[in-house]
DNA sequence: TTGTATACCTCGGCATGCGAGGTATAGTTG
DNA sequence: CAACTATACCTCGCATGCCGAGGTATACAA
């Protein structure tokens with residue numbers, strides 16, 4: 002009865018965030034909006050996904066952060082590390098493999 | 002340190018199994034091998050994934066099963082239901098949306 | 001009789017997505 | 001001034017779901 006398919010994305014937050022940060026330094030809130038915009042609305046991660054993901058990635062050495070004040074509010078900018086870039090490459094090729102595998106099955110029909 | 006990225010697939014078992022069964026009736030063990038073959042090795046789900054998934058889908062009315070003996074062994078054939086087909090359509094379009102969203106982000110670069 | 005292939009199954013851990021809720025500042029609008 | 005919205009960060013805990021490990025049983029070959 003669940004109208005929503007809650008899980009069709011796993012590992013995807015890590016992949017796309019790394020990809021965004023590979024382009025340029027960003028702070029969390031900014032990344033959340035960018036994700037939505039660049040994916041044309043297809044992807045949208047709540048803060049309950051994004052912030053824990055950023056913290057986990059920093060703890061694993063994939064990102065480094067620095068604080069910066071902007072009009073009374075604190076922004077925490079994240080920058081990708083060399084290790085993060087290597088991780089991004091692995092995740093990207095993993096994604097391609099899975100994606101192509103799924104496409105092969107979706108496109109497979111014995112009688113078309 | 003985890004060399005493996007254990008999760009880049011979620012909801013995918015349900016999607017691809019439904020897609021296979023939309024083509025023709027199959028039993029579990031058969032589906033497992035077909036999945037691997039058709040996806041050209043990119044996808045491969047252990048029995049700890051497959052059987053629970055089949056049971057869950059049957060419980061939700063997406064599949065119906067029948068037993069059949071084949072050389073002393075029991076095979077349980079699963080057939081997709083109309084409800085299962087509707088589910089397949091929703092999952093497929095969900096997959097496309099996510100997939101295109103990811104591609105957009107992977108392909109996004111400001112300085113290429 | 002040991003091993004391999006077929007064919008089914010369950011249990012438990014681990015990771016993760018994600019909503020819900022919380023804090024705080026700045027600016028706008030009635 | 002009070003209320004609201006936007007910005008910007010955060011944590012907790014539930015639910016889902018992947019997946020390895022282990023278990024049962026038959027048939028056949030080495």
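Chains as they are written, first to last, in my numbering: chain W, 2 to 113; chain X, 2 to 113. For every residue, glycine included, the Cβ atom is placed at its ideal position computed from N, Cα and C. It should be emphasised that the depicted structure is a prediction, and the values quoted were computed from it without experimental measurement.
- Task: Assess, as a yes-or-no matter, whether the stretch 25–38 of chain W is touched by the stretch 73–86 of chain W under the definition of 3 or more beta carbon pairs within less than 8 Å.
- Result: yes
- Would you mind reading off the limits of the beta strand (DSSP E) that contains residue 71 of chain X? Counting along the chain, residue 71 of chain X sits inside the beta strand (DSSP E) bounded by residues 64–71.
- Residues bridged to residue 75 of chain W [DSSP beta-bridge criterion]: W:70
- Query: Taking Cβ to Cβ, would you say residue 103 of chain X is nearer than 8 Å to residue 106 of chain W?
  - Reply: no
- Task: Report the neighbours of residue 100 of chain W on chain X: residues whose CB is nearer than 7 Å to its CB, in chain order.
- Result: 100, listed in chain order.
- Message: In this structure, how does DSSP classify residue 95 of chain X when only helix, strand and coil are distinguished?
- Response: If DSSP states are grouped into helix, strand and coil, residue 95 of chain X belongs with the helices.
- Task: Work out the CA separation of residue 57 of chain W and residue 40 of chain X for me, nearest whole Å.
- Result: 32 Å
- Item | CB contact flag (residue 11 of chain X, residue 100 of chain W, <8 Å) | No; because the gap between Cβ atoms is not below 8 Å, this pair is not in contact.
- Task: Would you verify that the beta carbon of residue 107 of chain X is, or is not, closer than 8 Å to some beta carbon of chain W?
- Result: yes
- Query: So which residues of chain W does residue 93 of chain X contact, with C-beta pairs closer than 7 Å?
  - Reply: What residue 93 of chain X touches in chain W: 107.
- Task: Have a look at the DSSP bridge pairing and note the partners of residue 80 of chain X.
- Result: X:65
- Query: So with Cβ pairs under 8 Å, would you call residue 20 of chain X a contact of chain W?
  - Reply: yes
- Interface residues of chain W facing residue 50 of chain X [CB-CB closer than 9 Å]: Neighbours of residue 50 of chain X on chain W: none; closest Cβ ~13 Å, over 9 Å.
- Query: Using a beta-carbon distance below 8 Å, is residue 43 of chain X in contact with chain W?
  - Reply: yes
- What do you get for residue 97 of chain X, buried or exposed, if any count of 16 or more other CB atoms within 10 angstroms of its CB means buried? By the 10 Å Cβ count, residue 97 of chain X comes out exposed.
- Item | C-beta atoms of residue 47 of chain W and residue 64 of chain W nearer than 8 Å | no
- Give me the Cα-Cα distance between residue 36 of chain X and residue 20 of chain W, rounded to the nearest whole angstrom. When rounded, the distance between both Cα atoms is 30 Å.
- Query: Taking all protein chains shown into account, do 16 or more other C-beta atoms lie within 10 angstroms of the C-beta of residue 88 of chain X, making it buried, or fewer, making it exposed?
  - Reply: buried
- Query: CB-CB under 6 Å to residue 109 of chain W, same chain, minus the five flanking residues each way: which ones, in chain order?
  - Reply: none
- CA-CA distance, residue 45 of chain X and residue 69 of chain W? 46 Å
- Query: From residue 52 of chain X to residue 26 of chain W, what does the alpha carbon distance come to, in whole angstroms?
  - Reply: 44 Å
- Message: Below 8 Å on C-beta distance, what does residue 77 of chain X contact in chain W?
- Response: Near residue 77 of chain X there are no residues of chain W at all, since even the closest Cβ is about 21 Å away, more than 8 Å.
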